[in-house]
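Chains A, B, C and D supply the protein sequences, listed in that same order.
Position 17 of the first sequence, counting from 1, maps to 17 under the working numbering, and the rest follow consecutively.
Counting the second sequence from 1 gives a position; the working numbering is that position plus 1000.
Counting the third sequence from 1 gives a position; the working numbering is that position plus 2000.
Counting the fourth sequence from 1 gives a position; the working numbering is that position plus 3000.
Report on one structure; see the data block that follows.
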Amino acid sequence: MMTAPQARPAASPAVAGASAPEPAPLLAPLPAPLLDVRGLTISYGNARGTLRAASDVGFAIRPGEVMGLVGESGSGKSTIAMAILDLLGGGGRVESGEILFDGTDLRKLPASERRALRGDRIAAVFQDPFTSLNPALTVGRQIAEPLIRHKGLSPRQAAVRVEELLAEVGIRDPRRVAAAYPHELSGGMQQRALIATALGCEPKLLILDEPTTALDVTVEARIIELLAKLCDSHKLSALFVSHNLGIVNRICQTVTVLYGGVVVETGATGRVLSRPAHPYSKGLVAALPRITADRRHRLPSIPGTVAKLSGPPAACVFAPRCPFADETCRSRPQAMLTDGDGDGVRCWKADALSGTPWPDEAAAPPRRPPTGTAAETRSAPLVEVDHLRKIYGASRSILPWLRRAGTVAVEDVSFTIGRGEVVGVVGESGSGKSTIGRALLALTEPSAGTVLFDGADLTQQVKRGDQTLRRRAQLVFQNSAASLNPRKTVGAAMDRPLVLAGREDAEERRRTVAGLLTRVGLPAAYADRYPHELSGGERQRVNIARALATDPDFVVCDEAVSALDVSVQANILNLLAELRDEMGLSYLFITHDIAVVSHIADRVLVVYGGTICEEGPIGRVLRPPYHPYTEALLSAVPRLAEDRKEAPRILLEDAAAAPGGRGCAFAARCPRKLGTVCDEQAPPVHETADGHRIACHIPLATLAERAAVFPELAGDAPH
Amino acid sequence: MTDATPARQAPSRGLLARLPALPVSLVIGVLLLAPLAVAAVAGSWLAPYPYDEMNIMSRLQPPGADFWFGTDEFGRDVFSRTLVGTGSSLVMGVAATALSLLAGVPLGLVAGYKGGRAGEAIMRAMDVLMSFPPILLGILVLAVTPPAQWKAIVAIGIVYVPQVVRLTRAITLELMQEEFITAARLRGESAAYILFHEILPNIWPPLAVEASLRVVFAILLGASLSFIGMGAQPPSSDWGLMISEARPFVEQAPWIALCPGFALATAVIGINLLGDGLRSLLDPRNTGAH
Amino acid sequence: MMMRRLVARAMLSAILLSGTALSVQAAGTLKVSVDSNLNTLDPAKMKGGQEYVAAYLIFNGLTVISHDMTVKPDLAERWERSDDLKTWTFHLRKGVKFHNGRELEAEDVVATIARIQDKATGSTARVNFEIVESMKALDPLTVQFQLKAPYAGFAELFGERQARIVPRDAVDTLASKPVGTGPFEFVSFAPGDRIVLKRNPNYFEPGLPKLDEVIVRILPESSAQVAALTTGELDLVWNLPLEAIDNVKADPKLKIDSVPTSTWDGVIMNNTVKPFDDPRVRKAVAMALDKQAITQIALFGNGTPTHSPIPPSHPYYNKDLKIAKGDPAGAKKLLAEAGYPNGFEVTLHTPAGRATRERLGLAVRELLKPAGITVNVQRVPFDVFLKDIEGKAGFYIDGFFSRPTIDTSVYPWYHSRGSWNTALWSYSNPKMDTLLDGARQAKSEDEAKALYTQVQALAVEDSPGVIPYVINHINGMSAKVHGFHSHPMMFLDLRDVSID
Amino acid sequence: MLAYTLTRLVYLALVLAVMSVLVFLVTQAMPGDVASMIAGQFASKEVVDAIAVKLGLDQPLIVQYGRWAAGILRGDLGRSLVLEQPIAPILMEALGRSLVLAVVALAVVAVVGIALGVLAAVRRGKLTDQLVSGVSYLGIAVPDFFWAIVLVLVFGSYLKLLPTGGYAPIADGFLPWASHLVLPVVTLVLMLLARIARLTRSSMIDVLQTNYVKFARAKGMPESVVILRHALKNALLPTITVLAIDFGLILGGVVVIETIFSYPGMGRLLLFAIQRHDLPLIQATILIVSAAYCLANLTADLLYAFVNPKIRHGMRAS
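See below:
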């Protein structure tokens, strides 16, 4: 057993001198770290060269401590987790460093001993529950495997234990779930099963690799709650890998920030997130859209794209994107500066910059007053959706056993979008929000109801072959890669809409393309590039530019920023806001992220199970009265503010929504369900004067009694 | 800019510059096929003897100085025959594959793009065709008329149409889900433009790989049909026919069968390697062989 | 009397065999192969050599063509003919039993022939019996035929392959369950695989057959046949593939037995189709073909060049005529006379799957090249060949088995009203008709010989087609097989055969 | 599962119905005809016509088809015109022999092919992998008939170890029966092995990269358990499909191999029927072969569904 280290071990000898020479005197002996990673360097090699996924990474996790490892995509956070588990694949190789677990360097152990530790002393839960369970084996068997293997339980004993474990992770019907195959369970249940597997052998360390990223917000909230509880009750240590600062804030005591495979900052969660020391941390925290922030403000963003190293860093990895960088930063690598509390920052300017916030970009032009006032919207709506209904998969086969009523994706939805208005649609997966967007663009034919665009039925026009109106309504996709034809240059992709618009002069079209590219902040020379030569953010800009090429009035943004890293997301959101202001565009902004929608939308529709449960100006929706679902949704949003940590949260059951019934779609999961009336009758719509509508059986007055989820927004809507 | 974006490959940089990056299998495949291609084009000029010249005095001669690969039961030079037969054997595979692509790709595109009744009808028709084992379908087609090589080509072409249709349809359906197709529909492109300018360019790489493997099957099926007398006709020196005719003499004169057999194997291995190479060339992400 | 003797013999054999039943059983089984599947076991409908193999093992005729090509008694122990050669009376052997136990009667003979005469039966032997005016059973053992015209060779007709006597009450199942009087009884037939036959204990020739069991296996691949023969899996390969002869000869455990036949292949030219309607063209083709070379190519030398279906081994063979040596120059000259100075191009059809005939076709293609005739060989499936080629196409390869008599070998092909003539080459020369009609009524061998000598000369002169050779019939067998003699009619005669 | 099976069966019936019409029409279109085939070389026109009338060939096509189809629905495949026997027993015998060939060959292919494929996937990029790939190439590249000839040459002609043709019923004893199967089976194995090994290899490689395999490893499962319990079961899905289809192919007759080894299976029966222009036999054979092939395909899909719990539960036809 090694003794407790006096300080965070110096990352490398050359840098040792730069760190604090004497550690602060210890008030109480800190327990020895359970996991102590030192100087870990990992690279991936293939025929085209090597990529350094982690450079000289060091951190420690003490018993009972949950440490967050955060960073954007490509920062190397998952690679480090896999290296600890000895599960690096795809040509990954640990070049150097130590991984001390309970004082033993795992790298020095033979493979069989490392394997014996895995699943027993060190357990893991991965990002995607849908693919982490073997589809061919029952859930119970998969949970039992490590019990039999490591604990020597008989299959019968293991089965008993499996049910206990499932019960412990909050599964109500453990016997049924144990006998089920993975696909029979919802994502939340699957993730619980994975957690039960990890807990089975009572491990000392949990490796959690983005364990909730693939889940809906309400489910995520419950899983995080469960994890926090378990870590507490089992005295577990955990390495929590995440890109989501809000979640890290909720569950982690300490946090380590990675950038380009390099640890840039480490420290207590509260301190790092409220008073970040490293410029990158500052940028990351600043770029996050906030529900409570002033919506007219531009989001601060980090320019450029994520760094990727091929060798040891020769300069500060963040210098190319750092607004504070100078010659020194660009000429020598940075050392980790630590203090006695275990806080550390890899920036020689950290002290000098203390208190200096991430700079706002050029003062944002004042936002044009939103046109979306209720009266104006009703006078001249651009889009009118009336009793829209969409059923998928209905079948009228001659074979009786094949006849199916189909799945209701959208059930009787009506709303309007005014000119220049941004309407947000918020909902979880399966809520029908994308279907609404597609129906608006005549990409899918409504089963019932009408969609009028500028007074005309777009679906009918397209059916007749008239495409002129359609060109005025465009779409910006989630997957920036898939939305561009890989075999066409950016210029060619943008040229087509112009050709179709009858612009015959090729030179003039070329100039237009260049103009559009410039407009979305890309060099005009990008017209000659192929999509795979661009980064994700650049591709999304091209997508937007292409959508603008038809000179539309209306753009549907379907999860347009969801796949982007926080720093890039801020960029795109800013761009979309600018375009709206300059060109008077209307947006239907579809997203699962309330923070994003609250930043950009004028009005919000909250959809659940294909129906609109709440609708109104954003300021109204964020304040009571809430629809019970909205309330749960809002309370589930992970946030940075520390004071929210202990606030009551409304946790929903995992049960999957069953839309299409006669009653309220949310009835099955509603924590405030009144009784059978919710199941059997469609809820009445309560409407207030400012266009705030709630569909619920609970009287408006009762709903209004609830406390605000965001007290800082208390009071009347600002507009 | 950081090095996050992959290095651009300037279109001006020619194939030569990328040569070292060419997959090994592609290079070996081309090396194996090059002499066969030459033989296919110029076989009758290169052959030391006319392929059909009989010489009773030197029948069933073992390989030697005069006849490098021996002679057959008519005293015909096996090497010359194999050389001249290259064209017949390869044409069989290539032409049949071309035929199946010509018929199958449009059908697959329509079935994938239009769907509905027309698509359903096409796929059900393909189901019926696929319900026949391939060689049986070939035999059935050929049994209708006296055998001839072009009929064998048509038959093989028909045999492989369903596979091409299915593949094309599958890729088309997959592409239809792609958002760039949605984007094209949104800007009001016609169906024809979407099919030919958006979908087709993305279909041809997998189709090219598929086609190269199809050629192999077609060559082998062609050889099989010739073997049972329903393909090339004597005195053609189609390899399948040569091997078939050599059967009774396999004990006294194995070289009659072995020479075209090796040629056939070389062709098939060559095309296989070419296909594999093409696959990894066209899809750098590809890992496992399929 | 007969019965008692049979029973006694059966008992005796039972006693003799009881001690060594097993080994005798094994030793008494002969495994023989044929090269093609059998279509039918109904003799009236048989058309292929491998079917005739079964016919001669299971059935008998009234007469039999013996190994020396003379007609001998079989089911008929004797017969008489009227002086005008129009009334023929056959006396059946007494006590002959069908395999089903019923005794042979004259009515069976009448029924058999009537069935062959019925067009719906589709027997290829029907034309042979068109000459019959009427027939009747005089008593259970005597049958009499009345002919339309005098015919000296009538008794030989009953040695013909299809004219096997069948039980009149079992004709419907003959194809799959044949019942005959022959040396072996039918046990089973698996199409494409094998026929199993067992010894007929009641066979009328005393002491015969010697074998207990015969298994006829269907093995189309010549290499498989030879391999099976070498490994002892087969004891005898009927009609050994020509290309395998050397291999069998080289193996000390094997032997071959061969006999000349009058089975021939021919290069058929349709005398009514251009350009073969010109005798000069036909003659030119005949001149260009080197028969010795063709025999080498097609038969590997296992045959003899001939002028007509009359084989060189036959006393009537015209020894004065010369075998064509191949004269492309002469052929060219003749073609020029006929108006084809630059030759012509023509398609030659060969039936697919007949290796010898395919080789003949390719040989013709090569040999006609120097004469300026470009031949495209087209292989045709046999059924298509029968329907669309034979008798219709201009130029094709065909072939025919030995016939029991010289008359049946020649008349149908060369007489202008001959049954085969119209279905083959449509040759017509009154002089030939006179010669053939005369030969039918020839009272002496010498008279017949003289007439047939002229027939051959005329056949070569007119060249309705080219008959390049007659084929040797060759059988390969294990050295353990005794008493087997190849039959010039290609019959498989196993009565006297035994195996160690 | 039941609904799916029912749907597939209905489809199968439809496909077979369409196919029966197709087969009937195609066989009618064949040149040559039965009557002249039966009448043979001597026949005159009246004879041919008489035979045609006797066989009902003079009736309108639709009547002939109706009679034929009705017979098949009653389970009567008709009579062979040439063999003059009911077709069903002949066909069943040939099918039985093809079945023997298919079962034995596929058993070998499945065991050896899957083992090789797994081995190559696990040792990916190493010598074993390259060896398996190389051998696979040979199997794919060399046509079956060429292998067959080489085998005949080596084992029959030179070594004289094995019979090179024909079939021995099991009644003749096990050894003769088995020895007759060796060469055709080996040829089939050579032909099919490569594909199965390559397919197993690639799907195994895919599966080994999945999250659940990674998770199984994270649970500390030893490689043998990871490969055999977690990976193989999922990786075998495509292999099972292909095996079942191959089974259908062999059952339907591998014409070339059956020809070379004089094996009296479905393939040679069909060739025989075509050569003899025995229409009822051609029609019945093709129908049965195709039905067997379709059934094998169906079995493949059902098996796939059965092995894959995701489809087994809540399955729907698609």
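All C-beta atoms, glycine included, are put in the ideal place defined by N, C-alpha and C.
Where does C:N2472 land, buried or exposed, given buried means 16+ other C-beta within 10 angstroms? By the neighbour-count criterion, in which a residue is buried when 16 or more other Cβ atoms sit within 10 angstroms of its Cβ, C:N2472 is buried.
Along the chain, where does the beta strand (DSSP E) that runs through C:S2507 open and close? There is simply no residue 2507 of chain C to check, as chain C begins at 2001 and stops at 2500 in what is shown.
Boundaries of the beta strand (DSSP E) in which A:L388 is found, first to last residue: Looking at the DSSP string, the run of the beta strand (DSSP E) that includes A:L388 is P381 to Y392.
Can you list, in chain order, the residues of its chain with a C-beta nearer than 7 angstroms to that of A:V513? Leave out the 5 residues immediately preceding and following it. Closer than 7 angstroms at the Cβ level, and outside the excluded window around A:V513, lie G491, M494, D495 and A527.
Between the C-alpha atoms of A:A374 and B:T1182, what's the straight-line distance to the nearest angstrom? At A:A374 the pLDDT is 44, less than 50, meaning the model places this residue with poor confidence; the figure from the coordinates comes in the next sentence. Their backbone Cα atoms lie some 32 angstroms apart in a straight line.
Could you list which residues in chain A have their beta carbon closer than 7 angstroms to that of B:R1187, in chain order? Within 7 angstroms of the CB of B:R1187, the CB atoms of chain A belong to R471, R496, P497, L500 and T550, in sequence order along the chain.
Between the segment 3149-3176 of chain D and chain B, which residues of the former have a C-beta closer than 9 angstroms to a C-beta of the latter? If you check each beta-carbon in the segment 3149-3176 of chain D against every beta-carbon of chain B, the ones closer than 9 angstroms belong to I3149, V3150, V3152, L3153, G3156, S3157 and Y3158.
How long is the line joining the alpha carbons of A:D36 and A:T131, rounded to whole angstroms? Going by the C-alpha atoms only, they are around 30 angstroms apart.
Can you have a look at C:D2290 and say buried or exposed, based on whether 16 or more other CB atoms are within 10 angstroms of its CB? It is buried - the Cβ of C:D2290 has at least 16 other Cβ atoms within 10 Å.
Where C:V2237 and C:G2159 are concerned, what is the direct C-alpha to C-alpha distance, given to the nearest angstrom? If you draw a straight line from the Cα of C:V2237 to the Cα of C:G2159, it is about 24 angstroms long.
A:P174 classed as buried or exposed, judged by whether at least 16 other C-beta atoms fall within 10 angstroms: A:P174 should be labelled buried.
Quick one: using the 10 Å Cβ neighbour count with 16 as the cut-off for buried, is C:H2349 buried or exposed? That one is buried.
Under three-state DSSP, which class holds A:V426? Looking at A:V426 - three-state DSSP - the assignment turns out to be strand.
Taking Cβ-Cβ distances shorter than 8 angstroms, what residues in chain B pair up with A:F477? The contacting residues are E1179, T1182 and A1183.
Can you confirm whether C:G2192, when its beta carbon is compared against all beta carbons of chain D, has any partner nearer than 8 angstroms? By this cut-off, C:G2192 is an interface position.
Listed by chain order, chain B residues near D:A3141 by CB distance under 7 angstroms: D:A3141 reaches chain B at A1265, V1268, I1269 and N1272, counting residues in chain order whose Cβ is nearer than 7 angstroms.
Taking the continuous beta strand (DSSP E) assigned at C:K2255, which residues delimit it? Per DSSP, C:K2255 belongs to the beta strand (DSSP E) from L2254 to M2269.
Where B:H1197 falls: helix, strand or coil (DSSP): Correct three-state label for B:H1197: helix.
Taking 6 angstroms as the limit between beta carbons, can you name the residues of its chain near B:N1202, skipping five residues before and five after? Result list for B:N1202: L1175, in chain order.
Considering only residues of the same chain and omitting the five flanking positions on each side of D:A3120, which have a CB-CB separation below 6 angstroms? Residues of the same chain with a CB within less than 6 angstroms of the CB of D:A3120, apart from the 5 flanking positions on each side, are D3129, V3132 and R3201 in chain order.
Outcome for A:D351 when other beta-carbon atoms lying within 10 angstroms are tallied against a minimum of 16: With fewer than 16 other CB atoms across the displayed protein chains lying within 10 angstroms of its CB, A:D351 is exposed.
Report the residues of the segment 1228-1259 of chain B with a CB closer than 8 angstroms to any CB of chain C, ordered along the chain. Along the segment 1228-1259 of chain B, going in chain order, the ones with a CB nearer than 8 angstroms to a CB of chain C are G1229, Q1233, P1234, P1235, R1247, P1248, F1249, V1250, E1251 and Q1252.
Pairwise C-alpha distance: A:D339 and A:V257: Distance from the CA atom of A:V257 to the CA atom of A:D339, rounded to whole angstroms, is 16 angstroms.
For D:L3270, which residues of its own chain have a beta-carbon under 8 angstroms away from its beta-carbon, when the five flanking residues on both sides are left out? Taken in chain order, the residues that qualify are G3253, V3255, I3282, T3285, I3286 and V3289.
State the CB to CB distance for the pair D:I3264 and C:A2190, rounded to an integer number of angstroms; the pair is presumed to be in contact (CB under 8 angstroms). Residue identity check: residue 3264 of chain D is Pro in the sequence provided, not Ile. With a beta-carbon spacing of about 7 angstroms, D:P3264 and C:A2190 fall inside the 8 angstroms limit used to define contacts.
Can you tell which of D:L3009, D:V3189 and D:V3226 has the C-alpha that lies nearest to the C-alpha of D:P3143? The shortest Cα separation from D:P3143 among D:L3009, D:V3189 and D:V3226 belongs to D:V3189.
Give the interface partners of D:A3121 over in chain A, defined as CB-CB distance under 7 angstroms, in chain order. Ordered by position in chain A, no residue passes the 7 angstroms Cβ test against D:A3121, which lies about 14 angstroms from the chain.
From C:Q2162 to B:G1157, what distance separates their C-alpha atoms? Computed Cα separation, rounded: 45 angstroms.
Establish whether the CB of B:F1069 and some CB of chain C are separated by less than 8 angstroms. Cβ-Cβ to chain C under 8 angstroms: no for B:F1069.
Taking 8 angstroms as the CB-CB limit, is D:L3012 close to chain C? Contacts with chain C at 8 angstroms (Cβ-Cβ) do not include D:L3012.
Any beta-carbon of chain C closer than 8 angstroms to the one on D:P3264? Closer than 8 angstroms to the CB of D:P3264 there is at least one CB belonging to chain C.
Option in D:G3220, D:A3296, D:V3207 and D:F3272 with minimal Cα separation from D:L3249: Among D:G3220, D:A3296, D:V3207 and D:F3272, the Cα nearest to that of D:L3249 belongs to D:A3296.
Just the C-alpha distance for A:P21 and A:F318, rounded to the nearest angstrom, thanks. Summary for A:P21: the model assigns pLDDT 42, below 50, so the residue's position carries little reliability, and this model does not support an answer.
Closest to C:L2335 by C-alpha separation, out of C:H2307, C:M2287, C:Q2296 and C:A2352, would be which residue? For the options C:H2307, C:M2287, C:Q2296 and C:A2352, the alpha carbon positioned closest to that of C:L2335 is the one of C:M2287.
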